[in-house]
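Going left to right, the sequence shown walks through residues 71 to 660 as our numbering numbers them.
Even for Gly, the Cβ is constructed at its ideal location relative to N, Cα and C.
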Amino acid sequence: MNSFINNIEGIIKKAFETAGYNSEYGKVKISDRPDLCEFQCNGALSAAKEYHKAPFMIADDVVKVVTEGVNAECFEDIQSVKPGFINIKVSPSYLVEYLNSMNEDENLGIEKSATPDTIVIDYGGANVAKPLHVGHLRSAIIGESLKRILKYKGHNVVGDVHLGDWGLQIGLIITELHKRQPDLVYFDESYEGEYPEEAPFTMSDLEEIYPYANAYSKEHEDYKALAQTATQELQSGRRGYRAIWQHIIDVSVADLKVIYTKLNVSFDLWKKESDAQEYIPDMIHDMKEGGYAHIDQGALVVDVQEETDTQTIPPCMILKSNGATLYNTTDLATIVERRKLFNPNRIVYVVDKRQSLYFEQVFRCARKTKIIGDDVTLKFVGFGTMNGKDGKPFKTRDGGVLRLEKLIQEVEESVEEKMADRDMDEALIKETAKIIGLAAIKYGDLSNQASKDYVFDLDRFTSFEGNTGPYILYTAVRIKSLLRKAEELNILPADEKIVSTGNEAEKNVSLSIVKWTEAFEDAAENYAPHKICQYLYELSESFNGFYHDNKIVTNENEDERASWINLSKLCLKLIENGLDLLGLTIPEQM
Ligand code: ARG
């Protein structure tokens, strides 16, 4: 379906044309002055120059065409206002017609893409052996929402967690494990048998070992060298080290699955950096063969600076002088792998914006070396930092990096406290607090433009009022309970028809509802879940205003009651759908 505003714009453009002006001047936008009108067109002001006429004369001509034309009944009021604005109020019946067609459409007016893309989304990006921390939270939350939005648009989307499993962290753990348990069979180079199935450590062991080894290596050069050697030996295939590495992956992935499930985040694919390694030799061969890569101070690099650059873009390093591969090498090889497995039209990376220069290098290098054709979009969705109230990257009260599980728990507890006076049994409060807590965290994140830093404010995010996740849930729960009541009273309407009753708050809700197509398309096109949040907040506000001012279930006018119940139901459908696109669910009560 066309968006509602596009439909109005169509009428106004046509009127410009009929009145003898270029239709391009007929652009319509939402009014800056909602006290005066709902929509406005300022085109007459710009047209004045071209036609050497006073703007209001042009606006007069256009308004005359509309009010005398076949579409006159679409408008409650359309006026030319000096110096040359066209102020528009749509007629309630025209508005309601659109509502009904949205309501009848199984996708609520959103058209599936006629030429669906295959899109790989790279998000999550957790590193095995290291606990997930708040830095990984944003990638998971934003990526999950983008995946849902693009799927809803009808694209063929593959969400890949792209685990970091190939770096120094593994070498550090091997080194520390060797120090602590030198007799483990994994360290016996002459051993040729099968390795034990059970890992010699648990996740909590790893959580202790990694930070310890990492800190120790910073103080002790020789220890660090051992870890580097271990990493290299792992990468070149030492059996015992590969077995330890596999244990680390198994233990970490099991742990990660639990936490991602808690976040209502899921992946179609659990690929790892190591999976791309097999593509590296051929890739490097082709880069050399094609004359793209050259040796610079012993290292193999590809220049990616372009003439039009105003800043220096350093070369993309493919191999270090000691022959080791890098993060870049893996990312390039992963593009090769993705092309082979999925042949995508787009690859989208949801990663901390501090990696933006890095990705610029990788993208340029991939194009220059023909790893990927110009027809494939490589999109970096860089996100900002989640800060504490002090404006610095979020830390716990004791100053440490907060573990994600701790954060979730803290939020849930805060919601539980707020709900303590509810007439609900304790288990239900706990369960409900989980749903609300997640909405607080995710909505708090997603309602900001992804590239911006934001402040994690526990009190604000968990508030049931204002632009928060819990407020949106509260609105949905309110509608659910209204519908339950209607069912109990046996007054649920037989059909879904909505009519206009001339009520002002009703029109307000309707005007909010019809913005959906635009909001969704904007979110999908610009990788911008915050557009969905904006929509949900505005819709919730106008619904609550309507609810406050009117009797719905207890309304004695049967036609009005039926239409309002249906209107409420449509709001619920839209909120449910929008929340689902954010990766959120709605409790039964709260
Ligand atoms: N593991 C990386 C990190 O923790 C993020 C991975 C992002 N994705 C990528 N293809 N490089 O910073």
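Cβ-based burial, residue i [other Cβ within 10 Å; buried from 16]
i           : result
residue 692 : Since the first residue shown for the chain is 71 and the last is 660, residue 692 is missing from the structure and cannot be characterised.
residue 325 : buried
residue 502 : buried
residue 680 : Residue 680 lies beyond the range of the chain shown here (71 to 660); nothing can be said about it.
residue 261 : exposed
residue 461 : exposed
residue 376 : exposed
residue 365 : exposed
residue 636 : buried
residue 305 : buried
residue 540 : buried
residue 125 : buried
residue 559 : exposed
residue 255 : exposed
residue 596 : exposed
Below-8 Å beta-carbon distance, residue i vs any chain D residue
i           : result
residue 105 : Given the protein chain composition of this structure (a single chain), no chain D is represented.
C-beta atoms of residue i and residue j nearer than 8 Å
i           : j           : result
residue 230 : residue 415 : no
residue 388 : residue 372 : yes
residue 683 : residue 599 : Residue 683 lies beyond the range of the chain shown here (71 to 660); nothing can be said about it.
residue 432 : residue 349 : no
residue 452 : residue 493 : no
residue 441 : residue 448 : no
residue 196 : residue 242 : no
residue 402 : residue 353 : yes
residue 506 : residue 657 : yes
residue 577 : residue 178 : no
residue 662 : residue 140 : Within the shown structure, residues of the chain are numbered from 71 to 660, placing residue 662 beyond reach of any answer.
residue 391 : residue 368 : yes
residue 136 : residue 148 : yes
residue 620 : residue 575 : yes
residue 244 : residue 314 : yes
residue 269 : residue 320 : yes
residue 633 : residue 553 : no
residue 107 : residue 75  : no
Residue nearest to residue i in terms of C-alpha spacing, selected from the options
i           : options            : result
residue 204 : 157, 458, 176      : 458
residue 278 : 239, 268, 310, 408 : 239
residue 208 : 244, 419, 199, 320 : 419
residue 703 : 172, 109, 126, 115 : No statement about residue 703 is possible, as the shown extent of the chain runs from 71 to 660 and does not include it.
residue 346 : 334, 404, 356      : 404
residue 85  : 107, 73, 114, 100  : 114
residue 72  : 638, 148, 590, 628 : 590
residue 237 : 133, 619, 395      : 395
residue 550 : 579, 617, 139      : 617
residue 482 : 456, 282, 454, 512 : 512
residue 535 : 525, 526, 614      : 614
residue 439 : 412, 657, 358, 96  : 358
residue 259 : 228, 90, 303       : 303
residue 525 : 464, 489, 633      : 464
residue 370 : 386, 360, 380      : 386
residue 584 : 152, 263, 640, 593 : 640
residue 312 : 631, 605, 257, 167 : 257
residue 435 : 400, 412, 411      : 400
residue 168 : 586, 602, 628, 632 : 586
residue 546 : 655, 491, 484, 632 : 655
residue 221 : 603, 338, 411, 629 : 338
residue 450 : 189, 122, 158      : 189
Bridge-paired residues (DSSP) for residue i
i           : result
residue 364 : 371
residue 421 : 452
residue 524 : 456
residue 234 : 197
residue 515 : None, per the DSSP bridge assignment.
residue 99  : 110
residue 473 : 203
residue 386 : 372
Beta-carbon separation (whole angstroms), residue i vs residue j, contact threshold 8 Å
i           : j           : result
residue 510 : residue 531 : 4 Å
residue 499 : residue 192 : 38 Å between Cβ atoms; not a contact.
residue 173 : residue 653 : Actually they are not in contact, since the Cβ atoms of residue 173 and residue 653 sit about 25 Å apart, beyond 8 Å.
residue 98  : residue 79  : 4 Å
residue 276 : residue 474 : In fact, because the Cβ distance is near 15 Å, the residues do not count as touching under 8 Å.
residue 582 : residue 543 : With 8 Å as the limit, residue 582 and residue 543 do not qualify as a contact, their Cβ atoms being about 18 Å apart.
residue 150 : residue 129 : 4 Å
residue 155 : residue 92  : Actually they do not touch by this definition, with Cβ atoms about 18 Å apart.
residue 223 : residue 520 : Not quite, the Cβ-Cβ distance comes to about 18 Å (not below 8 Å), so this is no contact.
residue 568 : residue 170 : 6 Å
residue 454 : residue 523 : 4 Å
residue 199 : residue 344 : With a Cβ gap of about 13 Å, residue 199 and residue 344 do not count as contacting.
The ligand ZN heavy atom lying under 7 Å from the CB of residue i
i           : result
residue 404 : By its list of ligands, the structure shown excludes the ligand ZN, since it contains just the ligand ARG.
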